[in-house]
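Below is one structure, written out as structure tokens; the observations come after it.
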Amino acid sequence: MNSRVLYLLPLLMLVVMAGFFGWSLVSGRDPASIGSVMVNRPAPRLDAPALRPGEPALTGDLLKTGKPVLVNFFASWCTPCLAEHPLMMRLKEREGVTIIGIAWKNKPEEARAWLKKLGDPFAYAGTDYDGMLSLDWGLSGVPETYLIDAAGIVRLHYHAPITERDLNDTILPLLRAGK
Amino acid sequence: MIPELGHFALILAFAVAIVQGTLPLIGAARGDARLMALGSTAALTQAFLILLSFSALTQAYVTSDFSVANVVANSHSAKPLLYKITGVWGNHEGSMMLWTLILALFGASVALFGANLPDTLRSRVLSVQALIGVGFLAFILFTSNPFLRLSPAPLDGNGLNPVLQDPGLAFHPPMLYLGYVGFSVTYSFAIAALFEGRVDVAWARWVRPWTLAAWCFLTLGIALGSWWSYYILGWGGFWFWDPVENASLMPWLAGTALLHSAIVVEKRDALKSWTVLLAILTFSLSLLGTFLVRSGVLTSVHAFAQDPARGMFILAFLLVVTGGGLALYAWRAPKLTPGGLFQPVSREGALILNNLLLCTLAATVLLGTLYPLFLDLVSGAKVSVGPPFFNATFVPICAPLFAALCVGPFLGWKRAELWPALARLRGVFLAAVTAAVVAAVAVDGRATLAAIAFGFGVWLIVGSLYEFVGRLRRSRLRSMPRSTIGMSISHAALGFVVLGSVATAAWNTELIHTLKLGESAPFGDYTATLVKVEPLQGPNYTAERATIVLTLDGKPYTTLTPERRLFTVQRRQVSETSIHTNLLRDLYATLGEGDPQQGWVVRLYDNPLAPWIWLGAALCALGGFVSLSDRRLRIGAPKRTRATSVQAAE
Chain A
0 MNSRVLYLLP
10 LLMLVVMAGF
20 FGWSLVSGRD
30 PASIGSVMVN
40 RPAPRLDAPA
50 LRPGEPALTG
60 DLLKTGKPVL
70 VNFFASWCTP
80 CLAEHPLMMR
90 LKEREGVTII
100 GIAWKNKPEE
110 ARAWLKKLGD
120 PFAYAGTDYD
130 GMLSLDWGLS
140 GVPETYLIDA
150 AGIVRLHYHA
160 PITERDLNDT
170 ILPLLRAGK
Chain B
0 MIPELGHFAL
10 ILAFAVAIVQ
20 GTLPLIGAAR
30 GDARLMALGS
40 TAALTQAFLI
50 LLSFSALTQA
60 YVTSDFSVAN
70 VVANSHSAKP
80 LLYKITGVWG
90 NHEGSMMLWT
100 LILALFGASV
110 ALFGANLPDT
120 LRSRVLSVQA
130 LIGVGFLAFI
140 LFTSNPFLRL
150 SPAPLDGNGL
160 NPVLQDPGLA
170 FHPPMLYLGY
180 VGFSVTYSFA
190 IAALFEGRVD
200 VAWARWVRPW
210 TLAAWCFLTL
220 GIALGSWWSY
230 YILGWGGFWF
240 WDPVENASLM
250 PWLAGTALLH
260 SAIVVEKRDA
270 LKSWTVLLAI
280 LTFSLSLLGT
290 FLVRSGVLTS
300 VHAFAQDPAR
310 GMFILAFLLV
320 VTGGGLALYA
330 WRAPKLTPGG
340 LFQPVSREGA
350 LILNNLLLCT
360 LAATVLLGTL
370 YPLFLDLVSG
380 AKVSVGPPFF
390 NATFVPICAP
400 LFAALCVGPF
410 LGWKRAELWP
420 ALARLRGVFL
430 AAVTAAVVAA
440 VAVDGRATLA
450 AIAFGFGVWL
460 IVGSLYEFVG
470 RLRRSRLRSM
480 PRSTIGMSIS
490 HAALGFVVLG
500 SVATAAWNTE
510 LIHTLKLGES
520 APFGDYTATL
530 VKVEPLQGPN
540 YTAERATIVL
550 TLDGKPYTTL
560 TPERRLFTVQ
570 RRQVSETSIH
580 TNLLRDLYAT
590 LGEGDPQQGW
600 VVRLYDNPLA
610 PWIWLGAALC
620 ALGGFVSLSD
630 RRLRIGAPKR
640 TRATSVQAAE
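Protein sequences appear in the order of chains A and B. Under numbering that gives the first Met the number 0, read the first sequence as residues 0 to 178, first letter to last. Under numbering that gives the first Met the number 0, read the second sequence as residues 0 to 649, first letter to last.
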């Protein structure tokens with residue numbers, strides 16, 4: 000190899016590396032986000048006893064209605080759930096989105112009282128008191144929200160309370176496209 | 000008023016640095032002695048101004064001046080004085096101030112102790128040093144001003160992260176920065192040499208003390224950080240391959256390589272262009288570490304308040320410093336005349352092998368650290384690269400390095416025979432193999448690889464001692480060059496680090512158990528009993544302190560008192576480890592959550608030889624300092640003409 004080129008090699012390596020760093024800074028990626036293995040896979044099972052008395056138990060059929068739905072795991076003891084609750088209400092009332100709520104490790108009567116006090120955004124509500132169902136969903140805590148498309152495939156998985164920005168930039172466009 | 004003075008001094012220092020970064024450079028090119036002389040004066044002025052500015056910030060911390068935003072964010076009136084002072088550099092802005100201060104102090108030292116350097120070289124070194132300073136001062140003034148006022152001033156501050164309120168950590172950043180920034184001098188020497196178009200024996204001799212000093216401090220800094228994470232984080236480990244730990248390890252590896260390749264330039268006038276490249280890369284890796292910690296491109300336990308704008312600034316700076324250096328290298332290095340010839344089997348050959356392996360290690364760490372970032376950007380896939388990767392890559396590369404380390408000193412310069420050198424080491428080899436076998440048998444053959452690694456540790460210690468004793472037979476200790484004594488100390492110390500690391504990682508005993516008051520649990524050869532848990536009131540925290548009695552063969556052996564502290568202002572819990580050491584093993588306890596009904600979660604570790612890791616590292620740095628006190632470095636380097644004539648006579 001031409002020795003001149005050899006002497007340029009360290010500089011070229013630096014340029015490539017700096018390119019990556021610049022890209023990383025501009026892309027606005029969050030190194031703390033760990034992603035989700037659930038995304039782009041069929042939604043897991045959804046067998047759960049109903050939260051509200053007198054309603055039928057939840058089944059996987061609820062995810063195969065030909066319409067996208069949201070699945071939201073929540074608990075009455077969870078303050079971030081309280082924070083995202085108004086957005087859930089807005090999704091139901093203004094956008095007419097079907098939301099399936101699952102009360103996670105939460106006494107059903109406490110979850111019901113919580114919904115009664117704040118308003119109930121859920122078209123269907125189930126309970127996962129022992130946390131077994133959430134294992135299949137790869138849940139790490141509450142609140143977590145999944146967007147399931149018309150074909151029953153998980154498209155989004157939020158590990159944190161959803162925000163106004165998530166709603167406007169990601170969730171609503173996907174929901175509208177899915178209709 | 001004082002913060003404004005500090006701010007003003009910083010702006011003045013910035014202006015002085017710009018002058019220092021340009022005029023002496025022009026002077027050196029034109030041969031104008033007056034412009035060149037400006038370099039030293041400017042360097043001293045700049046250091047004085049930054050010292051003033053840093054003192055102003057320290058004053059704001061000590062007096063808890065809560066009209067300064069930086070003090071509010073990082074200090075609290077209830078904090079002990081020591082931690083008020085160390086809090087100055089416990090945050091992004093203040094740590095950049097410390098960085099810049101050290102940079103300027105190094106510049107001033109070159110001005111003070113560099114009287115014997117040729118004028119052109121000294122003024123160029125000072126200019127390059129000042130240009131680095133310009134970058135950092137601009138960074139502080141334009142993106143991270145520590146003197147910003149807050150109005151109205153709050154009644155009290157938001158405190159310092161309680162995990163950082165610890166003497167081990169208080170002095171970890173200054174040591175680390177002395178290391179990182181110390182390599183800036185080496186960098187400046189390399190750039191100046193490229194400007195001059197000559198790298199020779201005298202140059203290597205002038206660079207060596209700066210490299211050595213920086214390396215010693217970096218060694219101490221890394222060791223302090225590791226020691227701190229060992230006893231404060233309560234995980235029982237001493238190295239976690241965290242991106243920021245790696246960021247400090249990379250310049251250390253490159254700096255170690257540089258120390259060795261500079262010897263070849265000094266003794267044999269060879270490897271010049273490579274040594275210059277290493278000098279540029281070592282400081283670049285220091286800057287890379289800064290970038291990684293502060294830009295937020297990687298996650299780490301060391302996260303500073305992160306800000307993409309700052310990240311962009313440091314990236315641009317990194318590009319200018321490293322890119323500029325490497326471009327200059329690509330342009331000028333081919334013109335450096337190669338020096339002495341040598342055979343592959345020779346002292347030079349051994350030192351090249353050392354460089355090859357150390358650089359491979361640094362590249363491995365770089366790859367492991369940045370791979371998740373690259374992969375995420377290219378494919379969106381998230382991976383975590385941790386201990387399994389480094390154990391599988393880093394550790395095996397150490398084996399040939401350690402194996403060759405003891406052989407190298409037995410090889411002569413220019414041309415040597417390998418077999419006679421190996422034959423002289425057969426006793427050492429036997430000792431190492433015996434140690435490995437004993438280790439394998441004694442710890443019931445649980446970990447063969449660990450036993451082999453243990454053998455390597457013994458090989459390093461015995462081999463270095465053997466070489467030293469052989470030297471002692473030929474010359475008296477008093478007349479032996481300090482640099483050789485230093486080498487033997489550092490090489491043997493590395494063996495102690497290896498022994499400590501291997502024993503702690505492979506042969507430790509760990510117990511995580513829930514104990515109620517009065518309950519006991521077997522722990523290795525010991526029995527651990529939780530005697531009591533009592534509340535405690537500290538200066539700015541409340542704590543629970545457990546008393547755990549360890550008995551050996553029914554007799555009380557020692558009492559451990561781990562605490563769990565709740566810092567009231569920050570509402571943060573910190574576990575205070577309790578360690579009993581006899582220098583051969585650490586008994587280590589931490590207290591977890593609990594209450595009288597359920598019992599407390601107690602973690603106990605028995606880490607054999609753990610203290611040797613840090614004693615070894617300290618010894619390693621000591622070896623460096625001994626070498627630094629060598630006559631030929633103390634008296635000052637010879638004049639260039641003499642150096643060349645000595646060279647010619649050889």
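Using N, Cα and C, we set each Cβ at its ideal position, and we do this for glycine too.
Among the bridge pairs identified by DSSP, residue 556 of chain B is matched with none.
Residue 105 of chain B: member of the alpha helix (DSSP H) spanning 91-112, first to last residue. Around the beta carbon of residue 418 of chain B, fewer than 16 other beta carbons sit within 10 angstroms, so the residue counts as exposed.
Residue contact with chain B for residue 111 of chain A: absent (no Cβ-Cβ distance below 8 angstroms to any residue of chain B). In the three-state DSSP reduction, residue 236 of chain B falls in the coil class, being neither helix nor strand.
Close to residue 294 of chain B, with beta-carbon spacing below 9 angstroms, are these residues of chain A in chain order: 20, 23, 24. Non-local C-beta neighbours of residue 58 of chain A in its own chain, meaning closer than 8 angstroms and more than five positions away in sequence, comprise 45, 46, ordered along the chain.
The three-state reading of DSSP puts residue 544 of chain B in strand, counting E and B together. By the Cβ-count criterion, residue 441 of chain B is exposed, with fewer than 16 other Cβ atoms from all chains shown falling within 10 Å of its own Cβ.
Nearest C-alpha to residue 123 of chain A among A:43, A:71, A:41, A:113: A:71.
In the DSSP assignment, residue 126 of chain B falls within the unbroken alpha helix (DSSP H) covering 118-142. When the five nearest sequence neighbours on each side are left out, the beta carbons in the same chain lying within less than 7 angstroms of the beta carbon of residue 87 of chain A are those of 71, 98, 120, in order along the chain.
A distance below 6 angstroms between beta-carbons, with the five flanking residues on each side excluded, links residue 523 of chain B to the following residues of its chain, in chain order: 508, 605. Among the residues of chain A, those whose CB is under 9 angstroms from the CB of residue 311 of chain B are 21, 24, 25, following chain order. According to the DSSP secondary-structure assignment, residue 410 of chain B is paired through a beta bridge with no residue.
The alpha carbon of residue 131 of chain B has as its nearest neighbour, out of B:61, B:315, B:294, the alpha carbon of B:315.
Its Cα nearest to that of residue 290 of chain B, the residue B:138 stands out among B:491, B:5, B:149, B:138.
Neighbours of residue 373 of chain B in chain A, taken as residues whose beta carbon is under 8 angstroms from its own, are 19 in chain order. Close to residue 201 of chain B, with beta-carbon spacing below 9 angstroms, lies no residue of chain A; the smallest spacing is near 24 angstroms. Just measuring C-alpha positions, the residue of B:343, B:399, B:470 sitting nearest residue 357 of chain B is B:399. Our two residues, residue 41 of chain B and residue 47 of chain B, have alpha carbons roughly 10 angstroms apart in a direct line. In this structure, residue 240 of chain B keeps its C-beta atom at 8 angstroms or more from the C-beta atom of residue 218 of chain B. For residue 376 of chain B, the chain A residues whose C-beta falls within less than 8 angstroms of its own C-beta are 19, 22, 23, 26, 28, listed in chain order.
Here residue 250 of chain B carries a helix assignment [DSSP, helix/strand/coil]. DSSP, read as helix, strand or coil, puts residue 524 of chain B in coil.
When DSSP states are grouped into helix, strand and coil, residue 100 of chain A belongs to the strand group. By the Cβ neighbour-count rule, residue 78 of chain B is buried, with 16 or more other Cβ atoms within 10 Å of its own. When CB distances to chain B are screened at a threshold of 9 angstroms, not a single residue of the segment 133-163 of chain A falls below it. Against chain A, a Cβ distance below 8 angstroms from residue 322 of chain B picks out 10, 13, 14, 17. For the segment 329-346 of chain B, the residues whose beta carbon sits under 7 angstroms from a beta carbon of chain A are, in order, 329, 332, 333. Residue A:130 holds the alpha-carbon nearest to the alpha-carbon of residue 105 of chain A among A:130, A:84, A:96, A:115. Taking C-beta atoms under 8 angstroms as the contact rule, residue 126 of chain A and residue 142 of chain A fail to qualify, at a distance of about 15 angstroms.
With respect to residue 584 of chain B, residue 616 of chain B sits apart: the two C-beta atoms are not nearer than 8 angstroms. Here the C-alpha atom of residue 173 of chain A lies approximately 17 angstroms from the C-alpha atom of residue 37 of chain A. An exposed status is given to residue 473 of chain B, since fewer than 16 other beta-carbon atoms sit within 10 Å of its beta-carbon.
Judged by beta-carbon spacing, residue 13 of chain A lies within the 8 angstroms limit of residue 321 of chain B, meaning their Cβ atoms are closer than that value.
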